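Residue numbers (UniProt numbering): 1 to 122.
All residues carry an ideal CB built from backbone N, CA and C; glycine is no exception.
Please read these numbers as outputs of a predicted model, since none were measured by experiment.
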Amino acid sequence: MVYGRPLLWLRIEALATAAAAVVVFTATGQPWWLIPALVLIPDLFALGYLAGPKIGAWCYNLAHSAPLPLGLLGAGYAWHLTALTVAGAVGLVHLGLDRVLKFGLKYDHGFGFTHLGATSNH
Numbered sequence: 001m002v003y004g005r006p007l008l009w010l011r012i013e014a015l016a017t018a019a020a021a022v023v024v025f026t027a028t029g030q031p032w033w034l035i036p037a038l039v040l041i042p043d044l045f046a047l048g049y050l051a052g053p054k055i056g057a058w059c060y061n062l063a064h065s066a067p068l069p070l071g072l073l074g075a076g077y078a079w080h081l082t083a084l085t086v087a088g089a090v091g092l093v094h095l096g097l098d099r100v101l102k103f104g105l106k107y108d109h110g111f112g113f114t115h116l117g118a119t120s121n122h
């Protein structure tokens with residue numbers, strides 16, 4: 001669990017990530033309403049918890065760690081595919097906002113146990 005000043009720095013970093021992702025999204029020229037329309041899609045990966053806490057944590061963490069949205073962002077940029085760039089940017093917005101709100105990566109003992117501390121959902 002992270003607490004004190006390191007937690008504050010992680011939350012500042014997360015806010016900066018979300019802000020940078022909004023800048024990247026803006027550069028795509030897509031309408032702003034896409035951000036609120038798509039921003040909760042990564043939370044659908046929590047449906048993995050229907051198969052148990054171990055699979056659930058793996059699925060959730062897949063969608064809530066940087067490699068997936070960064071990969072989408074990079075692929076979208078490299079291949080000039082706006083949809084992938086948007087998906088990556090919105091994924092990073094989601095990731096950043098989750099971390100600001102202290103929703104972290106999940107441990108496999110249950111949904112409420114995260115690298116940023118236990119949530120009230122456990």
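Distance from the CA atom of W79 to the CA atom of F45, rounded to whole angstroms, is 26 angstroms. Restricted to the region 75 to 118, the alpha helix (DSSP H) segments that are unbroken, complete and at least 4 residues in length are 82 to 100, listed in chain order.
In this structure, V39 lies near V90, with their beta-carbon atoms less than 7 angstroms apart.
Here A118 has G112 as same chain residues with Cβ atoms under 6 angstroms from its own Cβ, once five neighbours each way along the sequence are excluded. Bounds of the alpha helix (DSSP H) holding Y60 are 53 to 63. If you ignore the 5 residues before and after V86, its C-beta comes within less than 6 angstroms of the C-beta of T28, Q30, all in its own chain and listed in chain order.
In this model, I55 and L47 are separated by some 10 angstroms (Cα to Cα). Inter-segment contact for the region 57 to 65 and the region 6 to 26 is absent: fewer than three beta-carbon pairs are separated by less than 8 angstroms.
Each of L101, L95, L50, T114 was checked against the Cα of A18, and the nearest Cα belongs to L95.
In the DSSP assignment, P36 falls within the unbroken alpha helix (DSSP H) covering 34 to 38.
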